[in-house]
Amino acid sequence: MTPGRPREFDLDERLDRALRVFWRQGYEGTALSDLTEAMGISRPSLYAAYGNKEALFRKVLDRYMETALHVREALRQPTARTAAETLLRGTIAATTGEDGPGCLMVHGALATGGASGAVRAEAAARRHASEDALRERFEQAVRDGDLPVGTDADDLARYVCLVWYGIAVQASSGATSDDLERAVDIAMRAFPGK
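Mind the numbering: the sequence shown is residues 1291 to 1484 in the working numbering, read in order.
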């Protein structure tokens, strides 16, 4: 058996190109022709390297989570307050910059029809996993005495996620980083403390 021709492109670099297309246009708003044009590859090459559009979107979500450094940085913060603030302010930087309009997990998969239910479910599962990680961080903060006894870690994680994803929605609607920073200031005043 003879080996196939070696790929003439960098898989991750082309995945980053696809990420930007899905980020701007959402899952359903993105046609295969949009992807092949942005990625600079043919349709057969796309299928061979990444699978179909849904499989490519899943790989893009993986890549997005790998590069969302502010989320990992937030979970490593020494206090629950700095974890929440790092997450929220990092989201402002990520969603108002040149790279993307809002959050791929929100913008890229929410506006989908019935045929794209698996994509919507995948993005929702990833958002829930992020909320679970935040809840676990807050539960640890309660055990450590960093958050007041009786703080409901579930409710607090849900609240922070509401603000987090609200930032993404507002950013995709054109809110400025200054507007969003003021909103985070208010959210942090509501954050429980000793």
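Where a beta carbon is used, it is the ideal one built from N, C-alpha and C, also for glycine.
Can you tell me the Cβ-Cβ gap for residue i and residue j, rounded? I've got them flagged as a contact below 8 angstroms.
i	j	result
Ala1328	Val1311	5 angstroms
Start and end of the alpha helix (DSSP H) containing residue i?
i	result
Phe1428	Gly1407 to Asp1434
Leu1452	Ala1443 to Ser1462
Asp1469	Ser1467 to Ala1480
Applying the 10 Å Cβ sphere with the 16-neighbour rule, what's the burial state of residue i?
i	result
Ser1420	buried
Val1439	exposed
Trp1454	buried
Leu1437	buried
Roughly how many angstroms lie between the CA atoms of residue i and residue j, to the nearest whole one?
i	j	result
Thr1369	His1360	15 angstroms
Asp1434	Met1478	20 angstroms
Ala1480	Glu1375	12 angstroms
Val1472	Ala1345	The sequence given here has Arg at residue 1472, not Val. Approximately 38 angstroms, taken between the alpha carbons.
Ala1486	Gln1315	This structure cannot settle anything about residue 1486, because the visible part of the chain is limited to 1291 through 1484.
Leu1378	Ile1331	36 angstroms
Tyr1317	Asp1352	15 angstroms
Ala1465	Val1474	13 angstroms
Gly1387	Ala1338	32 angstroms
Leu1301	Ala1431	40 angstroms
Q. In chain order, which continuous runs of the alpha helix (DSSP H) of length 4 or greater are located wholly inside the stretch 1311–1374?
A. 1322–1329, 1333–1340, 1343–1357 and 1359–1365
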